[in-house]
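Let me begin by presenting the structure, written as structure tokens, before commenting on it.
Residue numbers (the working numbering): 35 to 168.
Structure (structure tokens):
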């Protein structure tokens, strides 16, 4: 996750099992709730019509050649947009996950962001805790 005061870019870590070397993403499905996430459009300067999602809310389903994974928000916030390019070109998650392969852009309130980010790991901390690959 990359955050600014106005938005948070949601994506997958390079070591996420869905984009692992053995996995190949074959589809990304944003139809994971009462309404498809692609139908949730935020407009206007304040984005007041944006749908607010909870940390456990599903953003999308990533379908790989060996399994399916539900990707969750991890932070409470307003969903500003989802990356519809992933529907047409799901391989962006494997090839450009840190840039064009982002999943969504959200706008958490500062209090929600501070609460959630307190539990996040730095890249170095994550690598220390990550179990070795078999």
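We put the beta carbon where it would ideally sit given N, CA and C, even for glycine.
Partner residues in the beta bridge of residue 87, as assigned by DSSP, are 111. Inclusion of residue 42 and residue 139 in the CB contact set at 9 Å is warranted, their separation being smaller than that value. The C-beta of residue 64 has 16 or more other C-beta atoms within 10 Å across all chains shown, which makes the residue buried. The shortest C-alpha to C-alpha distance from residue 57 to any of 127, 111 and 109 is the one to 127. In this structure, DSSP gives residue 56 a state outside helix and strand, which the three-state scheme calls coil. Beta-bridge partners of residue 51 (DSSP): none assigned.
A residue is called buried once 16 or more other Cβ atoms fall within 10 Å of its Cβ, and residue 124 is buried on that count. C-alpha of residue 150 to C-alpha of residue 60: approximately 31 Å in a straight line. Here residue 131 really is in contact with residue 53; their C-beta atoms are around 6 Å apart, less than 8 Å.
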